[in-house]
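Notes follow once the structure below has been shown.
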Amino acid sequence: MTIRKLYRILNQVSSLVLCSMFLIGCLGCEDSVEESQPDNNNDSSNNNDPANAVYVLPNLDKPIHFPGIAIYTADMAKSRSTEVNSEWVIRKSQNVSVSSEILRNGYNALHKISFNRIENNSDYVEFVMAIHGKLVNRTPVPEVFLNGLTGISFRAVSYHTPINLTVEAYNIGGTLIDAKTFEIDEEDMLSYTFPLTSQELHSLAFKINGENQDLTTFKNGAIGIDDVYITNTTTTPFVPSMDDNEFLNWIKTTSINYFLWNYKDLGGGKGVVMESSYDTNKVSLSGIGYSYANYILAEQENLITPFDAKTRILSMLKWQEAQNWYDGTEGVFGFPYHYFDANGSGLYNHSPEAVSTIDWAMCAAGIRTVKQRYAADAEIVNICNTLLNRPQWANAIHNNPNDNYKFGRITKGFSSSGNKNGQVWGDAFSEETELIYLEALASGQVDNLDLNRIFRAQINGFYPSWFGSGFTYNWLQLWTGAIEPYRTNSTLAYLSDASTSAGRFGKSYIGLTACGTISTIESSGFINWDRYIGNQGSSVSGANSNEVIQISPAPYGAALAIPFIPTEAIQSLRNYASLGYYHPLLGFPDNIRLEDLPNGLNVPAPNWNPYDINIGCIAMAIDQYQQNSIAQYYMSDDNVTESLQNLIESF
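This is how it looks when you write it as structure tokens:
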């Protein structure tokens, strides 16, 4: 008999005595179903006590992958979110207490759920996750997740006591499809497989029921869960292709997937795409513009039928057409607000920048592209014209000649009362500025716009943006296609990104650009991904060097560089892949935190929650490199081509 087993027997005897002492006190206890927000400050200080027989998480020097489609790996470690941005919760009966934490050792991470007082048959704790979307207000799981479904695999280990774990599969209506009970080992973390073929699968529950345990010896314990996968006919883990064309086409498809999965049909011929997979009631104006472009690309890639692409585009146009952009409810001066809820009501109306002129310019570029793509459809063309003619650009230009800084420049935003927010475009180079001025000119309302008020200054042979952020060098050209003098400027800027990132990280990770990264890590190991870094850029910028950071490169920045420095950009994307964070359906994370890691984290961590414009520009940039489809439509607008020439001449 091993020492470990001896301790287990002694513990069981002790538990039996304790159970008998508490039996009378537990009789008549009421049960209730609760959705738990676990105490995430679990004390694991006794984990090395041999009496507790605690599993030790082994160290990994890079992430590991298994056959199938990963749903939850704990690598992102975001509370209540899987890596595919579906929701998870922990539920329990009334008398059970629960705590939850993320354990790490190198690149190895698992979710440990500890519980106390499972004493009666009706006591339980369960870890519930949706395969896609939310557990309430549910949306169907995209077909691509369930193609060739053979089951669910996961890895698990028990702490302190053996556990009989029941895995339940539910459809979108909450009806049980099937269930299977597994004996979870406490000696080692093992893989378990739940055979399942139902195409109705929507959510899973990993449930510890009191009625399935030996309550004479079972009360307190913990379970570690990791690597929850959908299994299919694939028998080997996914690995990105070494063929560049296949590699880029995979990345392009994963970008388009976002817009296929996050469209919300509102009925009445209206619909819209959400800004984020995890926020089901927030729409961004610029994201709508990128949605228009990506539905055109989705049809081109045979990922959606021509009918469905057109239907979705028309539904979004009607969603915008129904809004009032004049009276301060959903816009002002004909400019729509930056953010809306799914029903089309304006959000953040009291913000000084409730209206964002750059976000309108991005949306307008999408509308102009759609107008050319469906030039033969009178309904679409009429709605596009209506929307494009709404903004009163004259109200966006500062006209006080005594203000030398603002005079003649376009405001960055308005309040709902129409007050300019005090910031202007044109005080530094950025393709954002170029796109805004292009749309203002193309509107036909500002023939007297002074293009000489756009400040452009060269450093190291090119025009840097203020923070040198990567997206600012391919924000206009996503729509126009690569064109001089912007093309040469972007080439030099992305080479600077490549050299800066190589110097900072040891390898070139082009992608020094704006993103949302880690703010803090809880003592429980859960990561808060809510720090926006707009000042991430290369070493060549308009700002002081101490104002610019390089900590969390974003693969979308490397994609934006492909039309200009394809060899270097593709190599950077492969360098991201070599970190081990990739997914067959999601592609790459939005960004990966590499430097300035907070306490409790000693390896890179991925943020799998992208925003619409970050992920949408990936497909657009790859198309820009391969076929340039979007530019061919956008540049068919005579107002655009004429205005662009005026803008170029201002250099």
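Numbering-wise, the sequence shown is residues -29 to -1, 1 to 622 according to mature numbering (1 follows the signal peptide of the UniProt record, and there is no 0).
Glycine residues also receive a C-beta, built at the ideal position from the N, C-alpha and C atoms.
Being a predicted model, the structure only gives us computed values, none of them experimental.
(Q) What residue range does the alpha helix (DSSP H) around G299 cover? (A) First-last for G299: undefined, no H or E at that position.
Q | Residue-chain proximity (V60, chain D), Cβ-Cβ < 7 Å | A | Structure shown: chain D not included; a single protein chain is present.
(Q) Is the separation between the beta-carbon of S248 and that of N233 shorter than 7 Å? (A) yes
Q: Compare the Cα-Cα distances from P208 to each of V112, S549, D561 and P555 and report the closest residue.
A: P555
Q) Does the distance from the C-beta atom of I89 to that of S71 stay below 7 Å? A) no
Q) When DSSP labels each residue in this structure, what does A313 get in the three-state scheme? A) coil
Q: Check each candidate in T164, S388, T612 and A469 and name the one with the smallest Cα separation from T484.
A: A469
Q. If you count every other CB in all the chains shown that lies within 10 Å of the CB of I(-6), and 16 or more means buried, which is it?
A. Since pLDDT at I(-6) reaches only 33, below the 50 mark, its modelled position is unreliable, and the value read off the structure follows with that caveat. I(-6) comes out exposed.
(Q) Let me check understanding here. Comparing Cα to Cα, which of M100, S50 and N79 lies closest to L572? (A) N79
**Q.** Inside the segment 313 to 379 only - alpha helix (DSSP H) runs reaching at least 4 residues
**A.** 328 to 344 and 349 to 360
Q) Can the beta-carbon of S124 be found less than 7 Å from the beta-carbon of Y200? A) yes
Q) In chain order, what residues of the same chain lie with their CB nearer than 7 Å to the CB of T225, ignoring the 5 residues before and after it? A) L556, L557 and G558
Q.
Are the CB atoms of F86 and T132 within a distance shorter than 7 Å?
A. no
(Q) For G299 and N320, what's the separation of their Cα atoms in angstroms? (A) 8 Å
Q) Less than 7 Å separating the beta-carbons of I589 and Y527? A) yes
Q.
With three or more C-beta pairs closer than 8 Å as the rule, is the segment 428 to 443 touching the segment 491 to 509?
A. yes
Q. Any contact of the segment 401 to 410 with the segment 324 to 337, i.e. 3+ C-beta pairs under 8 Å?
A. yes
Q: Pair every Cβ in the segment 46 to 56 with every Cβ in the segment 565 to 580, then say whether three or more of these pairs are closer than 8 Å.
A: yes
Q | Assigned secondary structure, F306 (DSSP; H/G/I helix, E/B strand, else coil) | A | strand
Q: Taking only runs that begin and end inside the segment 101 to 148, name each unbroken alpha helix (DSSP H) of 4 or more residues, in chain order.
A: 114 to 117
Q. Once you ignore the five residues that flank N252 on each side, which residues in its own chain have a CB closer than 6 Å to its CB?
A. D312 and A313
Q | Within 7 Å, strictly: CB atoms of L175 and A140 | A | yes
Q | Of the listed residues G77, D149 and A514, nearest to Q429 (C-alpha basis) | A | A514
Q. For Y444, which of I533, H369 and D421 has the nearest alpha-carbon?
A. I533
Q. Who pairs with D250 in a beta bridge, going by DSSP?
A. S247
Q | Continuous beta strand (DSSP E) stretch holding R62: start and end | A | W59 to S64
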